[in-house]
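> Residue numbers (the numbering used here): 306 to 906. Glycine included, C-beta positions come from ideal geometry on N, C-alpha and C. Dropping the structure in here first, questions after.
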């Protein structure tokens with residue numbers, strides 16, 4: 306049984322058997338000898354140790370806990386022998402096997418060539434394009450859509466920075482070997498030394514030294530302090546805003562989840578718009594909004610706490626995947642809901658109105674006191690229970706238009722409209738609208754509401770009433786009509802201040818027969834149609850007398866008809882029919898201008 310040794314390699318601890326340890330130790334000694342004359346020897350050795358530590362970690366992710374000789378040999382094969390990578394000062398020769406190996410890249414932030422955080426420079430290496438084009442696209446997103454800032458912040462948090470030489474080689478897709486590590490370190494040292502060579506020390510030496518002695522130290526401290534305080538303030542702001550938002554989202558999600566288990570007043574309204582359970586919608590919103598604010602919270606904490614550890618790449622990528630899935634699901638649900646109102650259809654009902662041409666049509670809207678307490682109570686839609694305790698949708702989305710027709714008889718046309726995901730669905734939903742009206746005597750009574758079963762869901766159901774009147778028809782709208790009249794004002798200008806006005810359908814428009822003449826020369830002038838007033842008085846008197854005579858006939862047991870004539874000679878009442886029980890004959894009555902004279906015929 307071989308002994309095991311605990312070693313610290315690249316900041317990580319490993320259990321390695323004695324043979325493997327000796328071979329690995331000899332390998333490091335050989336590498337050091339090959340780098341004896343190299344610039345940055347310590348930096349190169351540090352990068353090599355970190356790379357070997359990463360490879361050992363990958364090999365020991367399972368149940369295996371001890372590094373064996375075979376593991377060390379495989380790692381040495383990957384890294385290469387020191388004698389195979391003698392690098393001259395001019396150019397290093399690439400190992401033969403590297404030319405055939407596929408170059409793979411890892412996504413890092415390039416801080417060395419960065420303008421802000423190195424995100425776009427890192428993407429440039431990964432995609433093999435000039436970062437300038439990516440920066441132009443980002444500027445367009447920032448100015449045009451405003452989403453670029455949030456995307457850049459999220460990528461800044463998710464993407465690790467390329468700090469070590471190994472990470473920089475992985476970022477550019479170069480093999481992580483001793484040769485490339487030494488070459489990369491040399492290039493960095495050469496770059497730094499070249500910058501120092503270009504400095505004119507004789508010219509600026511004294512100035513820099515004197516200025517540095519006077520203000521250099523204090524100014525740098527002040528600037529660092531200012532930037533530190535500014536960063537802390539931004540961090541505190543991000544923490545407060547993100548924490549408050551996350552807390553609100555969590556409380557909202559818990560509330561939505563509890564509502565899904567019990568009945569609550571708004572359940573019908575939520576079910577009306579989506580078939581997805583409320584807790585699922587709440588969870589999707591929590592993820593879609595909460596994850597960006599969670600990353601803002603992490604960013605704020607990093608600004609406040611300098612040495613705060615990262616949450617790790619697996620957690621970052623998992624949260625990013627959940628965020629993308631939630632956004633996609635919410636978009637899909639939104640599109641599905643949009644299709645529910647993509648088409649509209651209607652069903653039409655038409656009914657003639659049996660109106661005496663000499664009568665005046667009375668138009669009035671009525672309300673249902675089970676759902677409303679006044680004709681002026683209006684709702685676009687609400688969920689309520691009817692008298693049979695059935696859940697229904699109640700809406701006052703009812704309109705009236707008065708139009709002219711060339712037909713001899715007036716008629717009413719009821720159009721029920723609704724929306725749906727197809728023409729067939731919209732028409733079916735419109736057919737299920739319940740709307741009532743009736744014609745009684747010379748009165749047209751219209752409901753000011755519509756009803757439909759809550760299972761049909763609210764999809765902008767409405768009822769449009771078209772009242773077609775022949776030329777010469779008289780009508781009088783009630784005060785309730787003003788809330789529902791949608792007739793073109795150029796055709797029918799309804800006066801809202803009174804319900805005594807009488808209108809007549811004429812050839813080109815509706816005319817008010819007894820309204821104030823707003824076009825008169827004198828203020829407050831009023832003109833009255835005397836013929837219309839006489840006609841109305843005659844009609845009311847005739848109806849009243851006929852009702853009174855009918856009542857008397859019933860009391861006397863007579864079966865007769867009564868004819869009432871009203872003209873400039875007075876009022877004539879003539880009864881025709883059979884005798885009563887006592888043999889009474891029908892009587893003829895006559896009323897002249899000076900009074901009423903009753904005599905038997």
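From what residue to what residue does the beta strand (DSSP E) around residue 651 run?
Residue 651 -> beta strand (DSSP E) spans 648-657.
> Pair every Cβ in the segment 715-725 with every Cβ in the segment 667-687, then say whether three or more of these pairs are closer than 8 Å.
Contact fails: fewer than three Cβ-Cβ distances are below 8 Å.
> Helix, strand or coil, according to DSSP, for residue 457 in the structure here?
Of the three classes helix, strand and coil, the one that applies to residue 457 here is helix, per DSSP.
> Could you tell me the boundaries of the alpha helix (DSSP H) in which residue 427 lies?
Here the alpha helix (DSSP H) through residue 427 covers 424-432.
> Excluding the 5 residues flanking residue 310 on each side, which residues of the same chain have their C-beta closer than 7 Å to its C-beta?
Same-chain partners within the cutoff: 321, 323 and 326.
> Could you tell me whether the segment 774-786 touches the segment 704-717, where touching means 3 or more Cβ pairs closer than 8 Å?
Enough Cβ pairs lie closer than 8 Å, so yes.
> Relative to the alpha-carbon of residue 554, which residue among 586, 700, 634 and 338 has its alpha-carbon at the smallest distance?
For residue 554, the nearest C-alpha among the options comes from 586.
> Can you tell me whether DSSP reads residue 782 as helix, strand or coil?
The answer is strand: DSSP assigns residue 782 an E or B state.
> Let me know the secondary structure DSSP gives residue 376 once reduced to three states.
In the structure shown, residue 376 sits in a helix (DSSP, three-state: H, G or I).
> Helix, strand or coil for residue 421 per DSSP?
In this structure, residue 421 counts as coil in the three-state DSSP scheme.
> Taking the C-alpha atoms as reference points, what is the distance between residue 429 and residue 435?
The alpha-carbon atoms of residue 429 and residue 435 are separated by roughly 6 Å.
> By DSSP's criteria, residue 723 is part of a beta bridge. Which residues make up the other side?
According to DSSP, residue 723 bridges with 650.
> Using a Cβ cut-off of 8 Å (strictly closer), state whether residue 797 contacts chain B.
Among the chains in the structure shown there is no chain B, since it carries only a single protein chain.
> Using 8 Å for Cβ pairs, my map puts residue 377 next to residue 329. What's the rounded Cβ distance?
With 8 Å as the limit, residue 377 and residue 329 qualify as a contact, their Cβ atoms being about 5 Å apart.
> What does the alpha-carbon distance come out to for the pair residue 702 and residue 637?
So the alpha carbons of these two residues sit roughly 30 Å apart.
> Go ahead and label residue 958 buried or exposed: buried means 16 or more other beta carbons lie within 10 angstroms of its beta carbon, across all protein chains shown.
The shown model of the chain, from 306 to 906, leaves out residue 958, and the question about it has no answer.
> Let me make sure I understand the geometry here. Which of 697, 650, 754 and 749 has the alpha-carbon closest to that of residue 731?
When only C-alpha atoms are compared, the closest one is 650.
> So is residue 464 buried or exposed if we call it buried at 16+ other beta carbons inside 10 Å?
Residue 464 should be labelled buried.
> Does the Cβ of residue 612 have 16 or more other Cβ atoms within 10 Å, making it buried, or fewer, making it exposed?
It counts as exposed.
> Determine the extent of the beta strand (DSSP E) in which residue 311 is found, giving its start and end residues.
Segment 309-314, the beta strand (DSSP E) holding residue 311.
> In the DSSP output, what is residue 261 paired with across the bridge?
Past the boundaries of the shown model lies residue 261; the chain is included only from 306 to 906, so the question cannot be answered.
> At what residues does the alpha helix (DSSP H) containing residue 808 begin and finish?
Taken as a continuous stretch (DSSP letters only), residue 808 belongs to no alpha helix (DSSP H), being part of the beta strand (DSSP E) at 808-810.
> Would you decide whether residue 426 is buried or exposed? Buried here means 16 or more other CB atoms lie within 10 Å of its CB.
Its Cβ being crowded by 16 or more others within 10 Å, residue 426 is buried.
> Buried or exposed: where does residue 438 fall if 16 or more other Cβ atoms within 10 Å of its Cβ makes it buried?
Exposed is the call here.
> Relative to the C-alpha of residue 335, which residue among 384, 729, 318 and 358 is closest?
Out of 384, 729, 318 and 358, 384 has the C-alpha closest to the C-alpha of residue 335.
> Do you know how far the Cα of residue 794 is from the Cα of residue 735?
Distance between the alpha carbons of residue 735 and residue 794: 29 Å.
> What are the residues that DSSP puts in a beta bridge with residue 755?
Beta-bridge pairing links residue 755 to 700.
> Contact between the segment 631-646 and the segment 685-698 is defined here as three or more beta-carbon pairs at a separation below 8 Å; is this criterion met?
Flag = no, the segment 631-646 and the segment 685-698 do not touch.
> May I ask you to report which of helix, strand or coil DSSP gives residue 331?
Three-state DSSP puts residue 331 in a helix.
> Count the other CB atoms, across all protein chains shown, that sit within 10 Å of the CB of residue 766; report buried if there are 16 or more and exposed otherwise.
Buried, because 16 or more other Cβ atoms sit within 10 Å of the Cβ of residue 766.
> Judging by CA-CA distance, which residue of 688, 621, 661 and 473 is the nearest neighbour of residue 713?
Of the candidates 688, 621, 661 and 473, the one whose C-alpha sits nearest the C-alpha of residue 713 is 661.
> Assuming residue 668 is part of the alpha helix (DSSP H), what are its boundary residues?
First-last for residue 668: 665-671, but that is the beta strand (DSSP E), not the alpha helix (DSSP H).
> If you reduce the DSSP assignment to three classes, tell me which class residue 766 lands in.
The answer is coil: DSSP assigns residue 766 none of H, G, I, E or B.
> Spatial neighbours of residue 454 within its chain, please: CB distance less than 8 Å, with the 5 preceding and 5 following residues excluded, ordered by chain position.
Here the set comprises 447.
> Could you give the C-beta distance for residue 589 and residue 635, rounded to a whole number, given that I count them as a contact under 8 Å?
At roughly 5 Å, the Cβ-Cβ gap stays under 8 Å, so residue 589 and residue 635 are in contact.
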